[in-house]
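If you count the sequence shown from 1, position 126 lands on 125 in numbering that gives the first Met the number 0, and the numbers rise without skipping.
C-beta atoms are modelled at their ideal positions from N, C-alpha and C, and glycine is treated no differently.
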Amino acid sequence: MCGIVGYVGKQNAVPVLISGLQSLEYRGYDSAGVAVLEENSIGIRKTKGKVDNLRNLLLNEPVSGNIGIGHTRWATHGAPSDMNAHPHFSNDDSIAVVHNGIIENYQELKDELEKKGYEFYSETDTETVAHLIHYFYKQGNDLLEAVRKTLERIEGSYALGVLCTDYPDQLIAARKESPLIVGLGKGENFIASDIPAILNYTKDAYILGDKELAVIKSDDVKLYDIKGNEIEREVYTYKWDVEAAQKNGYEHFMLKEIYEQPKVVKDNLSKRFSEDGKSIELDGIKLGKKELENINQIYIVACGTAYYAGLIGKYLLERIVRIPVNADVASEFRYKDPLIDEKTLVMVISQSGETADTHSALKLAKSKGARVLGVVNAVGSSIARDADDVLYTLAGFEIAVASTKAFSAQVVAMYLITLHIAQELGKIDEKEFAEIKKAMDNLPSQINDILNKAVLKIRGFVDKYIESKNVFYIGRGLDYVVGMEGSLKLKEIAYLHSEPYAAGELKHGPIALIEEATLVVGVVTQEALFDKTKSNIKEVKARGAKVLAIAMEGNSSIEDVADDVIYIPRTHWMLTSLLANIPQQLFAYYMALGLGEDIDKPRNLAKSVTVE
Ligand code: G6P
C-alpha cells in the first residue's frame, strides 16, 4: 500500500505532489511527506496524519523546487509517526527515498550498514534503502548504478522514488511487485503509484515492469532492466478522465460509486453479449468447449470483497455447470499447497490487480500448471499482466476504500463466466439462457429503482439501529454469501461488530449471542429458501432481535416477522445477490454517516493491499 508520486519539470513540484498524494490517499493515510530539490539541498517535510496535515505544515514551513517526490503511508514497519513518515534520507541528507512495499531482509541490511557507521533514525525498513544507495553511490559516483546495486541487495517488494542533490535534473524510480507508472507530460514527467495522482497533467504513461528502473528528467525518460540494459516500452494511454477521480457533488466517493452502479452494470453487459444476444463474448478469452472439457475443477482465489464476489461465482458455477469449485482467500491459498494442476482453471479476482496475496496466489497457480483467468478492474495491473487471460470488470476508478461498484462489476463477471461455461458445456438450453439474459438486461434499471426507493427508507430507519453494537447477517445459499459482503461493509466503514452466518447454522452456536435488540439483517431473496430463512428469522425474533429484512417484491409475508423490509425488484434467482447488495451498501453508508465516521478513508484500512 502507500502511495508514491514524483515530479520533474518547470512547475513548483509541491502543489503537484500534494494533489497527487491526495488522490492516492486511498492507498494509505497515516502519515505523509514530500522531498523537494531546492538550490543545493533537499527540503523534506513530513508529518503524521493525512495529506491535509502535510499541506498545513507546508504552509508554515514552505519548500519549493521543480523536482520532488511524495508519499502517503500505510504503516507496516514502525508506527505512524513524523519520524517514520517518508521520505527517508541518507545521513548527509544528499539522498531522499520514498518507498511502497516491504524490504524483507531489512534487519540484515540494517546490521550491516550500522557496522559501516550509518545511523538510523526511524523504525522503518525503507531507511535501509536510503543508506544503501548512499553507500553504493560513495563507491562509484553513479546514482543509477547505486540504485541498481541496492535493488540487487534488497529482498521483498518495492516501488521507489529517489532524489539526489548531485543530480538536480532527475529522479530515479524502480519497482518490483508494487505498482509504479511513469507519467509522460510535455516538458514535465511524473511517477505515481496509480494514474489518478497525475491525471490532471497527463494520461500517457509507461507502466514499469518488475525489477525495472527509470531515470526521469523533464524532457527525457529512460527505462532500464535490473542489469542496467536500456529497454523500450510502449506508451500506455489511460482512458479515464479527471472527473472520474472527483466527487462530482457527492458527499463521499463511496456514495458516488454506489450511484454509478447502474452504468457500470450496463457497461459490463452491453459489451459481453454477441450481437444476436445468444452467446457471451469474454474479451476474446479462449475458454471454449475444447479448453473447458480439459478442466476438472475450478479454483477461485481473491481477498476481501473480491473474495465474496468469487463465492457468488462458486455457488453459481456449481449449481449451473455442475463442476467442483473451490474458493479460498488468497492468503490461505498461497500457503496451503493447494490441490491444483494443469486440469484446474484458477480464477483470481481483484479490483486493483495489485493485491500482494492474490498476485502470489496467481504465480503459485501458474507454477503448478493451472490456467489462470484474471477478473481485474485496473488495466495493466500486475495481476492483469501475469494472468493467462483477463476479463476486465469495467468499473472505472474506484476511490472509496470500501468497494461497491467494483464488487457489482465482479458479480456481473461471475454471471457472465458462469453462463459462458454453462453454454459451452451444454449445461444450459437456449430458452433458459434467453430468460436469464432478459433478466440481466433489466438489472441496471432495477438498481436505479432500488437506489431511488431504498435510500429514503434506509435514511428513515437508520436512527433506530444506530445504537447497535453487534449485528448479524443471516441468509441461505446466495443470500448467505451476499450477507458476508453486507457484513464486511458495515465493519469497514461503520466500525460495527458484525458477523454473517448461514441462517441454518444459527442454532449451532451463534443464536446464543442474540439478545434484546440485537440487530439481525435477514437476506431472503432466494425464493426456494424463503420459508426456511423466514423460520430462522422467527427464531431470532423470539429471542428479542430487531430484524431488518431484504426480500424480493411479492414476498410480503416477510413483514410478519421483520421490523423493516427493503424490497428488491423481481429477478431470476441467480441474479438476486447483485440487487440485494445495493440496500446493504446504503445501509452501511448511512450507518457510518450517522456515526460520523470517515467513510472514504476508514481507519487502519487501505484500498490496495500490496503487502502480505
Ligand atoms: C482491501 C480493500 C478491499 C478489497 C481487498 C481486495 O482489503 O480494502 O476493498 O476488496 O483489498 O482488493 P482487490 O484490489 O484485490 O480487489
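So, helix, strand or coil for L179, using DSSP? coil
Name the residue from E491, I230, F460, V7 whose alpha carbon lies nearest to the alpha carbon of G186. V7
With which residues is Q245 paired in a DSSP beta bridge? Within the DSSP bridge table, the entry for Q245 names no partner.
DSSP state of P601 mapped onto helix, strand, coil: coil
On the criterion of 16 or more Cβ atoms from any shown chain inside 10 Å, does E491 qualify as buried, or is it exposed? Under this definition E491 is a buried residue.
Can you find the residues in the same chain that come closer than 6 Å, C-beta to C-beta, to Y105, ignoring five residues on each side of it along the sequence? D124, T127
What does K47 pair with, by DSSP beta-bridge criteria? As DSSP reads the structure, K47 sits in a beta bridge with S30.
Give me, in chain order, the residues of the same chain whose beta-carbon lies closer than 6 Å to that of D327; leave out the 5 immediate sequence neighbours on both sides. Hits under 6 Å: V300.
Might you give, ordered along the chain, the residues of its own chain that have their beta carbon closer than 7 Å to the beta carbon of Y117, omitting 5 neighbours on each side? By the criterion of a C-beta distance shorter than 7 Å, Y117 is surrounded in its chain by N90, H130, once the five residues flanking it on both sides are discounted.
Could you tell me whether the Cβ atoms of L36 and I66 are closer together than 8 Å? Yes, these two residues count as a Cβ contact at 8 Å.
Considering only the beta carbon of each residue, do Q260 and I132 sit closer than 8 Å? Cβ distance not < 8 Å, so Q260 and I132 don't count as in contact.
First and last residue of the beta strand (DSSP E) that includes E498? 496-501
N- and C-terminal bounds of the alpha helix (DSSP H) containing Y306: 303-315
Mark I230 as exposed unless 16 or more other C-beta atoms lie within 10 angstroms of its C-beta, in which case mark it buried. exposed
What residue ranges within the stretch 381-458 form continuous alpha helix (DSSP H) runs of no fewer than 4 residues, ordered along the chain? The DSSP assignment places 381-385, 404-423 as complete runs of the alpha helix (DSSP H) inside the stretch 381-458, in order along the chain (cut-off: 4 residues).
Do L418 and F406 come within 8 Å of each other at the CB atom, strictly closer than that value? Result no, Cβ atoms of F406 and L418 do not sit closer than 8 Å.
Taking the beta strand (DSSP E) that N376 belongs to, which residues open and close that run? No beta strand (DSSP E) holds N376; DSSP gives it neither H nor E.
Cα-Cα separation between E317 and P323, rounded to whole angstroms: Their backbone Cα atoms lie some 6 Å apart in a straight line.
Can you have a look at Y120 and say buried or exposed, based on whether 16 or more other CB atoms are within 10 angstroms of its CB? Exposed, by the Cβ-count rule.
Less than 6 Å between C-beta atoms, sequence neighbours within five positions excluded: which residues of the same chain meet that for K313? I299, V324, A326
Heavy atom of the ligand G6P less than 7 Å from the Cβ of A158, yes or no? no
Element boundaries [beta strand (DSSP E), containing M551]: 545-551
Return the chain-ordered list of same chain residues with a C-beta closer than 7 Å to the C-beta of M439, the five sequence neighbours on each side being excluded. L268, Y414, L574
Out of I510, A548, L450, V411, which one is the CA nearest neighbour of D478? A548
Any non-hydrogen atom of the ligand SAH within 7 Å of K606 CB: No copy of the ligand SAH occurs in the structure displayed; its ligands are the ligand G6P alone.
What does C163 pair with, by DSSP beta-bridge criteria? I94
L108, DSSP secondary structure in three states: The three-state secondary structure of L108, taken from DSSP, is helix.
In terms of residues, what are the limits of the beta strand (DSSP E) holding N325? Note, N325: beta strand (DSSP E), 324-328.
Distance cut-off 7 Å: G74 Cβ against heavy atoms of the ligand G6P: The sequence given here places Ala at residue 74; Gly does not occur at that position. In this structure, the C-beta of A74 stays at least 7 Å away from each heavy atom of the ligand G6P.
Same chain only: Cβ atoms within 6 Å of G368, ignoring 5 sequence neighbours per side: D340, E341
Could you name the residues of the same chain whose beta carbon sits closer than 8 Å to that of Y258, not counting the 5 residues immediately before and after it, in chain order? Y249, L450
As assigned by DSSP and simplified to three states, the class of M253: helix
Coarse secondary structure for H87, derived from DSSP in three states: Three-state DSSP puts H87 in a strand.
Compute the minimum distance between the beta carbon of Q525 and the heavy atoms of the ligand G6P, and state whether it is under 7 Å. Checking the Cβ of Q525 against the ligand G6P gives no.
Taking the beta strand (DSSP E) that G67 falls in, what are its first and last residues? 66-72
For M346, which beta-bridge partners are listed by DSSP? I299, L372
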